[in-house]
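Using our numbering, the first residue of the sequence shown is number 1, and each one after it goes up by one.
Just so it is clear, CB atoms sit at the ideal spot from N, CA and C, and this is done for glycine as well.
Model, not experiment: these values are computed from the prediction.
For reference, the structure is listed below as structure tokens.
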Amino acid sequence: MTSTLIHNIGELVTNDPERPGLLGIVEDAALVIEGGTVAWVGPAADAPTADEAYDAGGRAVLPGFVDSHSHLVFAGDRAAEFAARMAGESYAAGGIRTTVAATREATDEQLTSHVARLVQEMTRQGTTTVEIKSGYGLTTKDEARSLAIARQFTDETTFLGAHVVPDGTDPAAYVELVTGAMLEAARPHAKWIDVFCERGAFDVEHARAVLVAGRAVGLEGRLHANQLGPGPGVRLAAELGLRAVDHCTYLDDVDVDDLRDSGTIATLLPGVEFSTRQPYPDARRLLDAGVRVALASDCNPGSCFTSSIPLCIALAVREMGMTPAEAVHAVTRRGADALGRDDIGALVPGGRADLVMLDAPTHVHLAYRPGVPLVTGVWRAGRPT
Ligand SMILES: [Zn+2]
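As structure tokens, this is what we get:
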């Protein structure tokens, strides 16, 4: 087994809780990769020898970013809708339907190559693990094929048949389909089940029915909630003990207490607020209350078509009261937590060797130099991408 030593790392973010600070930073560090996993981490002066060596030139190295929320399986383009919104029209959940029509018409090959292009775009920006949802098929056949395509790119696939009620369908009848035949067809290709619990999408009782049905066949629940206004979704997520509830823009004090007490991760998606000119979620309030906070892209063709985790970091720091360290933690360790993964999101011996190298001396530059393509190297499972 070949071993690789990366040395002359100016700042190594480990997220190792046994090291000091939130990020467990080691300065003047080195790291050894062996067989796809991290074999050794520590000060460069103590580094063991290895078969190969790579000089980081004083740059910062971080765990690969974990993007725990994306909607990459789709066809079509909604640039005109974006332009209309920027011209003053308001965003409503129903815009999803235009993507549904385009997605149903696309071939498997078209959908697959589109996902491949977006995943490659994410990788170039430092994302080494991505969660991908279905939700633009909304028929049994189209949801199952969306998930089968997503599965070619990640193990973190999420069945989101309950994204929006298709035109001309009775909501109760659609929920019956989602919890019946559609769930059965989706199950072999999915790890998670998700619902868009929002006015204009699914109410709390329908959301509960979908999550309970998914859990009964072995899928873990997650939820879109409290994005467009206050609502009962976050409370439902806490009550069901879900791993994560995403958006969390409009929260009252009970929501915040419930998140803290349940341990459910609040995944904030600031690219959405940026792209829709909505108020940002208050990350500071959540962190100060002791809630675990993750950040993700929500890359999708409607409300947020960015694949950039560095942009999310910059927005979270500038607009949501997070420190650079908290934002980096939220896209690495907390992103992994939001997917129930302990093999990624940190650089510790035995963990998967997913690394990002920045053309910068510290992680702070991700927020300090917004919009600058700082990612110069990405390794996934020990291999350069
Ligand atoms: Zn989403």
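Sequence-distant Cβ neighbours of Ala45 in its own chain, meaning closer than 8 Å and more than five residues away, are Asp28. Relative to Thr362, the option among Ser3, Val26, Met1, His189 whose CA is nearest is Val26.
Under the three-state reduction of DSSP, Leu268 is assigned to strand. Take the alpha-carbon of Glu273 and the one of Met320: they are about 11 Å apart.
Contact check between the stretch 208–224 and the stretch 177–188: three or more CB pairs, one atom from each, fall below 8 Å, which counts as touching.
The Cβ-Cβ distance between Leu269 and Val328 does not fall below 8 Å. Look at the beta carbons and you see the stretch 8–25 not touching the stretch 366–375: under three pairs across the two are nearer than 8 Å.
Straight-line measurement puts the Cα of Arg199 at about 24 Å from the Cα of Thr103. Looking at the backbone, the Cα of Ile193 and that of Leu138 are separated by about 14 Å. For Lys191, no pairing in a beta bridge is given by DSSP. Residues of the same chain with a CB within less than 6 Å of the CB of Gln278, apart from the 5 flanking positions on each side, do not exist. In terms of Cα proximity to Val13, the closest of Val331, Leu339, Thr4, Ala87 is Val331. In this model, Asn300 and Val100 are separated by some 12 Å (Cα to Cα). Segment contact: the stretch 338–352 against the stretch 56–67, three or more CB-CB distances shorter than 8 Å; contact assigned. Gly345 and Asp252 have their C-alpha atoms some 30 Å from each other. The alpha-carbon of Ala162 is positioned some 20 Å away from that of Ala296. CA-to-CA, the gap between Leu111 and Pro48 works out to about 46 Å. Under the DSSP assignment, Val175 falls in the alpha helix (DSSP H) whose first and last residues are 171–179. Leu358 places its beta carbon less than 8 Å from that of Arg59. Linking Pro166 to Arg97 through their CA atoms gives a straight-line distance of about 7 Å. Assignment of alpha helix (DSSP H) within the stretch 183–235, counting only whole runs of 4 or more residues, yields 204–216 in chain order. Across the set Val32, Gly233, Ala209, Phe305, the C-alpha of Gly233 shows the shortest separation from the C-alpha of Thr249. In this chain, the beta strand (DSSP E) harbouring Pro63 covers 60–63. Judged by DSSP secondary structure, Met357 falls within the beta strand (DSSP E) whose first and last residues are 355–358. In this structure, DSSP gives Thr140 a helical state, which the three-state scheme calls helix. Here DSSP, grouped into helix, strand and coil, assigns Phe159 to strand. DSSP, read as helix, strand or coil, puts Thr306 in coil.
In terms of Cβ geometry, Val32 and Leu72 do not form a close pair [threshold 8 Å].
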